[in-house]
Amino acid sequence: MTPSPSADLTVSTPRILRADARRNHDLLLETAGALFAQKGIDVSLEEIARTADVGIGTLYRHFPSRDALNEAVYRREVELLCDGVDELIATNSADDALAAWMGAFATYVARKRGMAVALKSALGADAELFSSSRRRMIAALDQLLANAVSAGLIREDVDSEDLLSAMSGICMASPDAAFADRTRRLVDLLIDGLRYRAASR
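In the numbering used here, the protein residues as written are 9 to 209.
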């Protein structure tokens with residue numbers, strides 16, 4: 009029996025709505041992350057919705073509270089940071105891949121600064137969100153360091169935990185007008201130190 013046009017419409021409409029909902033979800037996360045970085049964590053939810061060109065009701069359907077939005081943006085930032093490791097390794101020399109990730113980490117810390125404070129207040133400093141995020145970053149660093157050590161481009165006595173702590177210390181310095189430039193210089197100094205006494209040098 010040949011389906012009627014109305015039956016076709018009934019079947020296809022949910023798929024269209026799901027795709028549209030996913031687009032709005034991702035757009036809201038991207039927009040919120042950008043606005044948090046530009047204006048701080050206190051930017052209004054109405055401004056986020058307006059900038060994303062969706063209604064405030066759409067925002068609340070995806071993220072019923074500010075804390076829910078903050079957590080989702082935080083998780084997305086970690087995913088963007090860690091999921092790009094394979095591409096970095098495939099498209100750069102091993103030490104440049106590590107340096108690029110370290111630069112991306114500095115950007116990530118700057119963007120998440122206000123989110124982390126707000127989320128620790130809402131969830132607690134020992135929340136699973138923070139421990140799982142740290143595990144993902146350590147795993148990313150393990151991969152990048154192993155690749156660079158194997159290529160003989162950085163020294164062998166480097167520990168992922170120590171390196172993450174060093175980068176965090178650099179990036180969490182009190183921000184001012186020169187924060188971004190200073191952070192880049194310090195990260196460059198750190199990667200130069202990692203290259204010192206590398207097997208191939």
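Even for Gly, the Cβ is constructed at its ideal location relative to N, Cα and C.
Residue i, DSSP secondary structure in three states
i, result
"I162", "coil"
"V51", "coil"
"Y82", "helix"
"A105", "helix"
"S173", "helix"
"Y116", "helix"
"A206", "coil"
"D61", "coil"
"A135", "coil"
"D167", "coil"
"I73", "Note on identity: in this sequence residue 73 is Ser, with Ile being the wrong assignment. Three-state result, S73: coil."
Counted within 10 angstroms of its Cβ, other Cβ atoms place residue i as buried (16 or more) or exposed
i, result
"T21", "Residue confidence is low: T21 scores 39 on pLDDT, short of 50, so the model does not pin down where it sits. No coordinate-derived value is stated."
"L96", "buried"
"Y204", "exposed"
"T39", "buried"
"E79", "buried"
"S158", "exposed"
"S141", "buried"
"G76", "Looking at the sequence itself, residue 76 is Ala, so the reference to Gly does not match. The residue is exposed, with fewer than 16 neighbouring Cβ atoms inside 10 Å."
"L197", "exposed"
Terminal residues of the alpha helix (DSSP H) in which residue i lies
i, result
"S64", "What sits at residue 64 in the sequence shown is Ile, not Ser. 64 to 70 is the span of the alpha helix (DSSP H), which, as asked, contains I64."
"A98", "93 to 99"
Test: residue i CB closer than 7 Å to a CB of chain D
i, result
"D28", "Of the protein chains in this structure there is only one, and it is not chain D."
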